[in-house]
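Just below is one structure, and these are the notes that go with it.
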Amino acid sequence: MNVPEKLRYTNDHEWALIEGDVATVGVTEYAAGELGDVVYVELPEVGDSATKGDSVGTIEAVKTVADVYSPVSGEIVEVNDALTDNSELVNQDPYGKGWIFKIKLSDSAEVNELLTPEDYKKLI
Amino acid sequence: MHYIPNSKDAEKEILAAIGVESFEDLIDNIPEKFLKKYRISLPEPLSELETVKKLSGMAGKNSDTESSISYLGAGSYDHFIPAAVDFLISRSEFYTAYTPYQPEVAQGTLQSIYEYQSMICHLMDMEVANASLYDGATALAEAAIMAVNKTRRNKVLVSDLININSRKVLDTYLETREVEIQYIPESDGVTKLDSLNDYLDDQVAALLIQSPNFFGNIEDLKGIADQLHANRSLLIMSVNPVAAALLKTPGECDADIAVAEGQPLGIHQAFGGPYLGIFSSKKDLIRSMPGRIVGKTADIDGKPGYVLVLQTREQHIRREKATSNICTNQGLMALAAAIYLALMGKNGLRQVARLSLDNAHYLAEKIDTLPGYSLAYPDRPFFNEFMIHTPVSAEKIVEMGLENNIFAGLDMGRFSREWDHRLLIAVTEKRNQQEMDDFINFLSKFRKV
Chain A
3 MNVPEKLRYT
13 NDHEWALIEG
23 DVATVGVTEY
33 AAGELGDVVY
43 VELPEVGDSA
53 TKGDSVGTIE
63 AVKTVADVYS
73 PVSGEIVEVN
83 DALTDNSELV
93 NQDPYGKGWI
103 FKIKLSDSAE
113 VNELLTPEDY
123 KKLI
Chain B
432 MHYIPNSKDA
442 EKEILAAIGV
452 ESFEDLIDNI
462 PEKFLKKYRI
472 SLPEPLSELE
482 TVKKLSGMAG
492 KNSDTESSIS
502 YLGAGSYDHF
512 IPAAVDFLIS
522 RSEFYTAYTP
532 YQPEVAQGTL
542 QSIYEYQSMI
552 CHLMDMEVAN
562 ASLYDGATAL
572 AEAAIMAVNK
582 TRRNKVLVSD
592 LININSRKVL
602 DTYLETREVE
612 IQYIPESDGV
622 TKLDSLNDYL
632 DDQVAALLIQ
642 SPNFFGNIED
652 LKGIADQLHA
662 NRSLLIMSVN
672 PVAAALLKTP
682 GECDADIAVA
692 EGQPLGIHQA
702 FGGPYLGIFS
712 SKKDLIRSMP
722 GRIVGKTADI
732 DGKPGYVLVL
742 QTREQHIRRE
752 KATSNICTNQ
762 GLMALAAAIY
772 LALMGKNGLR
782 QVARLSLDNA
792 HYLAEKIDTL
802 PGYSLAYPDR
812 PFFNEFMIHT
822 PVSAEKIVEM
832 GLENNIFAGL
842 DMGRFSREWD
852 HRLLIAVTEK
862 RNQQEMDDFI
872 NFLSKFRKV
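As you go down the protein sequences, you meet chains A and B in turn. Just so we're on the same page, my numbering is the position in the first sequence counted from 1, plus 2. Just so we're on the same page, my numbering is the position in the second sequence counted from 1, plus 431.
Written as structure tokens, this is what we have:
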């Protein structure tokens, strides 16, 4: 199972790429595999604010729907509109083209609470 | 449903299997104060013949729209129902009130629902409709919840002129959720929308409004959707489905969600139910929609087939996060509405609406000229229902009406003492001029004392 070293993780199987004060967020390869074929991604709205752990969107697979939780607190600054028409990107490229949203951190200390790749590997 | 009483022996066996001595032991965890201390005194059993006679006699005391002339409305209307509707829904292939739970084997049922949904979309001028909900009131409440979930906001604005019973259902639905209801008052028979902007803040999920409203008046919704959308709030409209054939549709008003009590579409008034909750919305809201949705597809050989779609919204999959805890539909009533709409067709339904409107306006004009009577809102446009001021209490007119086989209308005094001289009158295409003239004659006998 691919768990890239440069990312941080959550217990809910989101990943976050921290670049300055912005985190790019998606779901892990493990989560995408468990969900099965993703048929729809409900994206958050740019400008929405989220508290760490808030549900900001959903991923709908053929047989289930899962919430997407924000790994950190802040304001949504960008969403991956490509998923609107190509939701399968979540399965095909979970750590790349399948990213879901970008959030501007309001408290950079929260990054330290995220799981390291080693921690996440133990989880799955 | 069969009632199968247990014999004494069977009862003993059941109690023994449970491990208690008697029925009283079985329920001894119920506190004493909640138990009736006396035995219910029932008469001796009757033979089948005696039972039929007795029950027929009791049923004969009821008055209905066959034996009386009805001007009652307020959400339930006395429209004509072609015999074909009841005949067709009574066919054994269809005759179940329940939603299909092994749906894909019942292609006929799914097709009928699909066609119902399609006709509702045409009628409401909306993009998607579900397989129906219980009734108009629950449809309205579900619409409010849908808006709250979709916008992630926690306040709804509710017109004071939404049907009083629907408002009670809405209150009940929202009571246990942290949703604030802000009522918008009435002014001269319509909702006071000119101050709408004062109510709009970043917590308003939607405005709920009914047109024609509870008093029968048509709400002017020009520009309202734009105002709401600028605030990222939704417009939820509750309409009369027959009126939708004639008036501006919810779609034309740019409503986001449109609901209706479907009873006027071929469903008997039947003392208040079963009725039909019509629910439709814009397409981009479909994943937030409550209830079941039937879609059309093609099988491996390219033949058309019908399936339940987007079930991931529903509680058998999404559990407590489902869009609604209603995972069913009002199957038989949706079928009745679909058959009624198919029989009437576009022009037929418009004619029903037109005749109802013409009759109501004829009656209103005549009543307005009677001494002691006047229209409560003479300047307001209305569809098939209007409110009048009466020379004596509305209660008295309603009572006297019953003695003359006339349901004279709804006594508004039932809702507020201030309104005890107000009568809400509904007229459908079933009324002819003779009946209406008889009614005018009946009303003319009441004089202020």
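C-beta: ideal position from N, C-alpha, C; glycine also.
Check your understanding: Would you report the Cα separation of Tyr706(B) and Gly733(B), rounded to the nearest angstrom?
Key -> Using only the alpha carbons, I get a separation of about 37 Å.
Exercise for review: Name, going along the chain, the residues of the stretch 51-62 of chain A whose beta-carbon falls closer than 7 Å to a beta-carbon of chain B.
Suggested key: If you check each beta-carbon in the stretch 51-62 of chain A against every beta-carbon of chain B, the ones closer than 7 Å belong to Glu62.
**Study point:** Among Gln641(B), Asp440(B), Leu564(B), nearest to Met720(B) - alpha-carbon criterion
**Key:** Distance check between Met720(B) and each of Gln641(B), Asp440(B), Leu564(B) places Leu564(B) closest, using alpha-carbon atoms only.
Exercise for review: Could you tell me whether the Cβ atoms of Val67(A) and Arg749(B) are closer together than 7 Å?
Suggested key: Closer than 7 Å, so yes.
**Study point:** His15(A) versus Leu37(A): straight-line alpha-carbon distance, rounded
**Key:** C-alpha separation (whole angstroms): 11 Å.
Review point. Does any CB atom of chain A fall closer than 7 Å to the CB of Thr728(B)?
Key: Put simply, the CB of Thr728(B) is far from chain A, with every gap to its CB atoms at 7 Å or more.
Review point. Given that a residue counts as buried once 16 or more other Cβ atoms are within 10 Å of its Cβ, and exposed if not, what is Glu586(B)?
Key: Checking the displayed sequence, the identity of residue 586(B) turns out to be Lys instead of Glu. Buried.
Review point. What residues from chain B crowd round Glu80(A), counting only those whose CB sits closer than 7 Å?
Key: For Glu80(A), none of the residues of chain B pass the 7 Å Cβ criterion, the least Cβ distance being about 19 Å.
Review point. Which chain A residues are close to Ile748(B), counting only those with a beta carbon under 9 Å from its beta carbon?
Key: Neighbours of Ile748(B) on chain A, chain order: Lys65, Thr66, Val67.
Review point. Do you know offhand how far Leu592(B)'s Cα is from Val621(B)'s?
Key: Using only the alpha carbons, I get a separation of about 7 Å.
Practice item. Answer yes if the stretch 474-481 of chain B comes into contact with the stretch 777-793 of chain B, meaning at least three C-beta pairs across the two stretches below 8 Å, and no otherwise. Key: Too few Cβ pairs lie closer than 8 Å, so no.
Exercise for review: Buried or exposed for Met432(B), please, with buried defined as at least 16 other CB atoms from any protein chain shown within 10 angstroms of its CB.
Suggested key: Here the model assigns Met432(B) a pLDDT of 41, short of 50, so the residue's position is not dependable, and the following value carries that caveat. A residue is called buried when at least 16 other Cβ atoms come within 10 angstroms of its Cβ; Met432(B) does not meet this threshold and is exposed.
Exercise for review: Label Tyr32(A) either buried or exposed according to how many other C-beta atoms from any shown protein chain fall within 10 Å of its C-beta, with 16 as the threshold for buried.
Suggested key: By the Cβ-count criterion, Tyr32(A) is buried, with 16 or more other Cβ atoms from all chains shown falling within 10 Å of its own Cβ.
Exercise for review: Tell me, please, which residues DSSP counts as bridged to Tyr42(A).
Suggested key: DSSP, once it has assigned bridges, lists Glu62(A) as partnering Tyr42(A).
Review point. Counting along the chain, where does the beta strand (DSSP E) carrying Phe817(B) start and finish?
Key: Its beta strand (DSSP E) spans residues 816-820.
Practice item. Examine chain A for any beta-carbon lying closer than 7 Å to the beta-carbon of Thr743(B), and answer yes or no. Key: By this cut-off, Thr743(B) is an interface position.
Check your understanding: What do you get for Arg584(B), buried or exposed, if any count of 16 or more other CB atoms within 10 angstroms of its CB means buried?
Key -> Arg584(B) should be labelled buried.
Point to revise | In DSSP terms, what Gly736(B) is bridged to | key: Paired residues: Thr728(B).
Practice item. Just tell me which of Ala447(B), Asp602(B), Val516(B), Ala839(B) has its CA closest to the CA of Met764(B). Key: The candidate whose alpha carbon is nearest that of Met764(B) is Val516(B).
Check your understanding: Listed in chain order, which residues of the stretch 710-727 of chain B have Cβ atoms closer than 7 Å to some Cβ of chain A?
Key -> From the stretch 710-727 of chain B, only Arg718 have a Cβ closer than 7 Å to chain A.
Exercise for review: Could you tell me if Pro462(B) is buried or exposed, where buried requires 16 or more neighbouring beta carbons within 10 angstroms of its beta carbon?
Suggested key: Label assigned to Pro462(B): exposed.
Exercise for review: Rounded to whole angstroms, what's the CA-CA distance from Gly35(A) to Ile709(B)? Just pull it up for me.
Suggested key: The alpha-carbon atoms of Gly35(A) and Ile709(B) are separated by roughly 38 Å.
Practice item. Report yes if the CB atom of Val92(A) is closer than 7 Å to the CB atom of Gly100(A), and no otherwise. Key: Result yes, Cβ atoms of Val92(A) and Gly100(A) sit closer than 7 Å.
**Study point:** C-alpha gap between Ile655(B) and Pro46(A), whole angstroms
**Key:** Roughly 26 Å between the two C-alpha positions.
Practice item. Starting from the beta carbon of Tyr71(A), find every residue of chain B whose beta carbon is closer than 7 Å, and list them in chain order. Key: Chain-order list of chain B residues neighbouring Tyr71(A): empty, with the shortest C-beta distance near 13 Å, by a criterion of under 7 Å.
Exercise for review: With DSSP as the reference, label Trp850(B) as helix, strand or coil.
Suggested key: Correct three-state label for Trp850(B): helix.
Review point. Just how far apart, CA to CA, sit Met550(B) and Tyr42(A)?
Key: Looking at the two C-alpha atoms, the distance is approximately 27 Å.
Check your understanding: Relative to the C-alpha of Asp799(B), which residue among Ile856(B), Ile837(B), Ser618(B) is closest?
Key -> Nearest neighbour of Asp799(B) by Cα position, chosen from Ile856(B), Ile837(B), Ser618(B), turns out to be Ile856(B).
Review point. Leaving out five residues before and five after Gln700(B) in sequence, what residues of the same chain have Cβ atoms less than 6 Å from its Cβ?
Key: Only Ser507 meet the Cβ criterion.
Exercise for review: Can you say whether Gln761(B) is buried or exposed, counting buried as having 16 or more other CB atoms within 10 angstroms of its CB?
Suggested key: Per the 10 Å Cβ criterion, buried.
**Study point:** Asp509(B) and Thr859(B) closer than 7 Å at C-beta
**Key:** Yes, the pair counts as a contact, with Cβ atoms nearer than the cut-off.
Review point. Using DSSP with H/G/I as helix, E/B as strand and the rest coil, what is Gly55(A)?
Key: Of the three classes helix, strand and coil, the one that applies to Gly55(A) here is coil, per DSSP.
Point to revise | Backbone secondary structure at Tyr614(B) - three-state DSSP | key: Strand, per DSSP.
Check your understanding: From which residue to which residue does the beta strand (DSSP E) around Ser496(B) run?
Key -> What sits at residue 496(B) in the sequence shown is Thr, not Ser. The continuous stretches of beta strand (DSSP E) do not include Thr496(B), and DSSP gives it neither H nor E.
Check your understanding: Whole-angstrom Cβ separation of Ala686(B) and Leu666(B), contact assumed at under 8 Å?
Key -> Distance from Ala686(B) to Leu666(B) at the Cβ level is roughly 5 Å; contact confirmed, criterion being Cβ atoms closer than 8 Å.
Exercise for review: Can you pull the chain B residues whose beta carbon is under 8 Å from the beta carbon of Tyr42(A), in chain order?
Suggested key: Simply Arg718.
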